[in-house]
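Take a look at the structure set out below.
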């Protein structure tokens with residue numbers, strides 16, 4: 437195992453280089469790890485990239501060219517035609533795209549979607565399978581932790597909501613169409629439904645909420661939609677992947693749920709909570725969903741993607757038992 441970062445942090449112990457903002461203590465064995473330079477010289481195969489998008493693209497490609505398996509949380513390669521934009525419960529079959537990337541020695545890049553996109557597509561997937569979504573309107577209420585550290589200045593968020601997150605609406609309007617698209621011989625055919633997104637930053641520490649309205653091609657009853665959410669199982673559950681929650685979705689019947697403080701940690705932060713399903717006077721139905729943005733929306737899905745890859749490793753050689761992170 438190893439950690440790699442820029443020259444500013446290289447050579448330091450991780451505990452010295454990182455600003456640890458978690459409520460749980462930094463494990464001693466992790467804090468004492470020496471941070472290495474971001475060069476593909478580490479003795480392992482699997483790379484988790486948490487690099488900023490300003491530098492991620494070229495560095496991730498250099499690792500893939502050197503035969504590393506890169507699982508990235510950065511946006512740079514998400515929409516590349518031959519790169520899986522992966523949520524295991526939604527589009528595990530898209531993993532086959534890595535065969536077309538052309539990197540030697542088993543190198544490849546797999547990407548996580550945007551943090552809000554992950555929760556959204558999990559909520560949409562059961563509905564699309566049963567009723568075929570034609571149109572989506574979504575307004576997100578995104579937690580402070582999604583902006584990183586130091587993030588949004590406190591005076592901007594106290595007694596306030598910021599109705600703009602740079603580049604976020606474009607991601608939420610485009611990424612779900614790739615994730616929920618059909619994989620064919622020529623790649624992924626984007627889903628045909630349209631999405632309109634508005635994204636806001638709210639004074640919540642963790643947990644992205646989304647107010648969603650959908651138009652469906654096939655008529656649906658409320659009970660059918662709730663049953664679809666509660667009984668949904670994806671490939672991650674069928675394979676019993678270690679980090680997969682037993683239930684990727686839960687419907688909460690209380691009229692004031694879901695709430696970030698109460699429900700963001702459902703399923704160890706990997707379960708998306710849905711509530712307030714009711715008829716929409718403009719489209720067909722509207723509801724609220726909530727996901728933990730740093731667990732299901734980032735690190736948790738990255739780990740789940742790695743577990744899926746390992747489970748389906750039949751066409752890939754060498755061991756996965758060592759890994760490192762690009763920070």
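In our numbering, the protein residues as written are 437 to 763.
Virtual Cβ for every residue (Gly too), placed ideally from N, Cα, C.
| query | result |
| --- | --- |
| Identity of the residue in 548, 711 and 741 nearest residue 675 by Cα | 741 |
| Residue 661, DSSP secondary structure in three states | helix |
| Backbone secondary structure at residue 691 - three-state DSSP | coil |
| Buried versus exposed call for residue 517 [16 or more other C-beta atoms within 10 Å across all chains shown] | exposed |
| As assigned by DSSP and simplified to three states, the class of residue 482 | strand |
| Option nearest residue 642 by Cα separation, candidates 470, 515 and 727 | 727 |
| 7 Å Cβ shell around residue 713 - same chain, five flanking residues per side excluded | 658, 661, 662, 721 and 723 |
| Local conformation of residue 656 per DSSP, three classes | coil |
| Span separating the alpha-carbon of residue 756 from that of residue 483 | Model confidence at residue 756 stands at a pLDDT of 47, short of 50, so the residue's coordinates are unreliable and nothing is read from them. |
| Residues that residue 644 bridges to, as DSSP identifies them | 727 |
| Spatial neighbours of residue 537 in its chain, beta-carbon cut-off 8 Å, leaving aside the 5 residues before and after | 500, 518, 519, 543, 544 and 545 |
| Those residues which DSSP pairs with residue 715 across a bridge | 721 |
| Cβ contact check for the stretch 673 to 687 and the stretch 520 to 529: 3 or more pairs under 8 Å | yes |
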